[in-house]
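Peer 1: If you want this note's numbering, it's the 1-based position in the sequence shown plus 869.
Even for Gly, the Cβ is constructed at its ideal location relative to N, Cα and C.
Predicted model, so just to flag it, every value in this text is computed and none were measured.
This is the structure, below, for whatever I ask next.
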Amino acid sequence: MELKFHNVELPRGGAGEPAGEPPRPAMSGENETRNPAGTQAVDRAARLLVRVVEADAPQPFTALHTGSGLPKSTASRLLSALERHGLLQRDHEGAFLPGPVLARHAARSGGAGLAATARPYLERIGEKTGETVNLAVPSGGAVEQIAQVDSSYLLGATDWVGLRVPLHCSALGKVFLAHGAAELPRGPLERRTPRTVTDRGELGGELAGIRRRGYGAAREELEPGLVAVAAPVRGGDGTVVAALSVSGPSVRLTPERVTEIGELLAGEAAALSEVLGAPR
């Protein structure tokens, strides 16, 4: 509908705009000035999201509510909206951490974001096993540990973060080899201990078993007395992008316990893979 005045037709935008031209786009900041209430909820939600993303650990509701200064009902409503859209999620204790949308971005953009996303899974595995738990990625023909939850025991406690270990004699490396996420280097395989598998044919048979079981193990192959179990983590395209592992001394990680931990790792790795957008 058009307004008419003295036979001059003007668009509904008013006499200040030339006829036939679209309204002038608002300059940056004009919308906030004209309608501050319209952006207030967005600003508040964004501040809550930033608090969670930048925190070193999952954030309980109480910490977010008190830290933001928002009323409980407002904080609850905004956090629920962020969770509903996949920007936040809750761990098993109800604390907030970055959600699957951010996790999928993290998986595409590098190790730091992936480590933050995987943190609650590592902690849950650590609580259930009491052993050292690691997240690792393939890196230049080796395995690089990028996150860790420490063992509750003194015996076997080692800080692996930042360390690189060979593919063929570590549980993590075998998982990467089994699923095509890494390739063996050319030439002879290094014998790190008397139990290290250095025959490529024998190793190939072991890798086939890893694919069938869903997890791999290395029993005193990297170091005497050290046993480790690992399971693959898949990204949005279904390929293996990382792996979770549990390691400890052979006196605690018996063959029976290796099977138990392997099944636990496979389940947690599958759950993390789903958060990262891996197809089911």
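#1: If you count every other CB in all the chains shown that lies within 10 Å of the CB of residue 1104, and 16 or more means buried, which is it?
#2: How would you label residue 1080, buried or exposed, when you count the other beta carbons within 10 angstroms and need 16 or more for buried?
#3: Can you grab the Cα-Cα spacing for the pair residue 1006 / residue 942, in whole Å?
#4: Give me, in chain order, the residues of the same chain whose beta-carbon lies closer than 7 Å to that of residue 1021; leave out the 5 immediate sequence neighbours on both sides.
#5: According to DSSP, is residue 1004 part of a helix, a strand, or is it coil?
#6: Please classify residue 819: is it buried, with 16 or more other beta-carbons within 10 angstroms of its beta-carbon, or exposed?
#7: Residue 1053 to residue 1071, Cα distance in whole Å?
#8: Are the beta-carbon atoms belonging to residue 1030 and residue 1017 less than 7 Å from one another?
#9: Taking just the CA atoms, how far does residue 1008 sit from residue 1051?
#10: Throw me the rounded Cβ distance for the residue 971 and residue 951 pair, which I believe falls under 8 Å.
#11: Between residue 1137 and residue 997, what straight-line distance do the alpha-carbon atoms span, to the nearest angstrom?
#12: In the structure shown, what three-state DSSP assignment does residue 966 receive?
#13: Using a Cβ-Cβ cut-off of 7 Å (strictly less than) and excluding sequence neighbours within five positions of residue 883, which residues of its own chain qualify?
#14: Roughly how many angstroms separate the alpha carbons of residue 1015 and residue 935, rounded to a whole number?
#15: Can you tell me where the beta strand (DSSP E) with residue 1150 in it begins and where it stops?
#16: Within 10 Å of its beta-carbon, does residue 909 have 16 or more other beta-carbons around it, so buried, or fewer, so exposed?
#17: Would you grab the beta carbon distance between residue 1100 and residue 1135 for me? Rounded to a whole angstrom, and I think it's under 8 Å.
#18: I need the straight-line Cα distance from residue 924 to residue 1123, nearest angstrom please.
#19: On the DSSP bridge list, what partners appear for residue 928?
#20: With DSSP collapsed to three states, give me the class of residue 892.
#21: Where does residue 1145 sit, in a helix, a strand or coil, going by DSSP?
#22: In angstroms with no decimal places, state the Cα-to-Cα distance between residue 1148 and residue 964.
#23: Tell me which residues share the same chain as residue 1059 and place their Cβ nearer than 7 Å to its Cβ, disregarding the 5 neighbours each side in the sequence.
#24: Considering residue 1096, what are the terminal residues of the beta strand (DSSP E) in which it resides?
Peer 2: Let me spell this out:
#1: In the sequence shown, residue 1104 corresponds to position 235, counting from 1. Buried.
#2: Along the sequence shown, one-based indexing puts residue 1080 at 211. By the neighbour-count rule (16 or more Cβ atoms within 10 Å), residue 1080 is not buried but exposed.
#3: Numbered from 1 along the sequence shown, position 137 holds the residue referred to as residue 1006. Numbered from 1 along the sequence shown, position 73 holds the residue referred to as residue 942. Roughly 41 Å between the two C-alpha positions.
#4: As a working note, residue 1021 is residue 152 in the sequence shown. Cβ within range, chain order: 999.
#5: Walking along the sequence shown from the start, residue 1004 turns up at place 135. Three-state DSSP puts residue 1004 in a strand.
#6: Within the shown structure, residues of the chain are numbered from 870 to 1149, placing residue 819 beyond reach of any answer.
#7: Locating residue 1053 in the sequence shown gives position 184, where the first residue counts as 1. Locating residue 1071 in the sequence shown gives position 202, where the first residue counts as 1. One C-alpha to the other measures close to 14 Å.
#8: If you number the sequence shown from 1, residue 1030 lands on position 161. If you number the sequence shown from 1, residue 1017 lands on position 148. In this structure, residue 1017 lies closer than 7 Å to residue 1030 by Cβ.
#9: The sequence position of residue 1051 within the sequence shown is 182, counting from 1. The sequence position of residue 1008 within the sequence shown is 139, counting from 1. Linking residue 1051 to residue 1008 through their CA atoms gives a straight-line distance of about 8 Å.
#10: Against the sequence shown, residue 971 aligns to sequence position 102. Against the sequence shown, residue 951 aligns to sequence position 82. Not confirmed; about 10 Å, so no contact.
#11: Here residue 1137 is taken as the residue at index 268 of the sequence shown, counted from 1. Here residue 997 is taken as the residue at index 128 of the sequence shown, counted from 1. Each residue's Cα considered, the two are about 11 Å apart.
#12: In the sequence shown, residue 966 corresponds to position 97, counting from 1. Three-state DSSP puts residue 966 in a strand.
#13: As a working mapping, residue 883 is identified with position 14 in the sequence shown. Residue confidence is low: residue 883 scores 42 on pLDDT, short of 50, so the model does not pin down where it sits. Its coordinate-derived value is still stated next. Closer than 7 Å at Cβ, skipping near neighbours: no residue.
#14: For the purposes of this step, residue 1015 is taken as the residue at position 146 of the sequence shown. For the purposes of this step, residue 935 is taken as the residue at position 66 of the sequence shown. When rounded, the distance between both Cα atoms is 32 Å.
#15: Residue coverage of the chain in this structure runs from 870 to 1149, which leaves residue 1150 outside it and unanswerable.
#16: Start at 1 with the first residue of the sequence shown, and residue 909 comes out as number 40. With fewer than 16 other Cβ atoms inside 10 Å of its own Cβ, residue 909 counts as exposed.
#17: One-based indexing of the sequence shown puts residue 1100 at position 231. One-based indexing of the sequence shown puts residue 1135 at position 266. The pair is a contact, with the Cβ atoms about 5 Å apart (cut-off 8 Å).
#18: Residue numbering aside, residue 924 sits at position 55 when the sequence shown is read from its first letter. Residue numbering aside, residue 1123 sits at position 254 when the sequence shown is read from its first letter. So the two alpha carbons sit approximately 37 Å from each other.
#19: Your numbering for residue 928 matches position 59 in the sequence shown. 965.
#20: Residue mapping note: residue 892 aligns to position 23 of the sequence shown, counting from 1. Confidence at residue 892 is low in this model, with a pLDDT of 43, below 50, so the placement of that residue should be treated as unreliable; the coordinate-derived value is given next. Of the three classes helix, strand and coil, the one that applies to residue 892 here is coil, per DSSP.
#21: Counted from its first residue, the sequence shown places residue 1145 at position 276. In the three-state DSSP reduction, residue 1145 falls in the coil class, being neither helix nor strand.
#22: Counting from 1 along the sequence shown, the entry for residue 1148 is found at position 279. Counting from 1 along the sequence shown, the entry for residue 964 is found at position 95. Whole-angstrom Cα-Cα distance: 26 Å.
#23: In the sequence shown, the residue the question calls residue 1059 occupies position 190. Once the five neighbours on either side are set aside, the close Cβ partners of residue 1059 are 1035.
#24: Position 227 of the sequence shown, counting from 1, holds the residue named residue 1096. Unbroken beta strand (DSSP E) run through residue 1096: 1095-1103.
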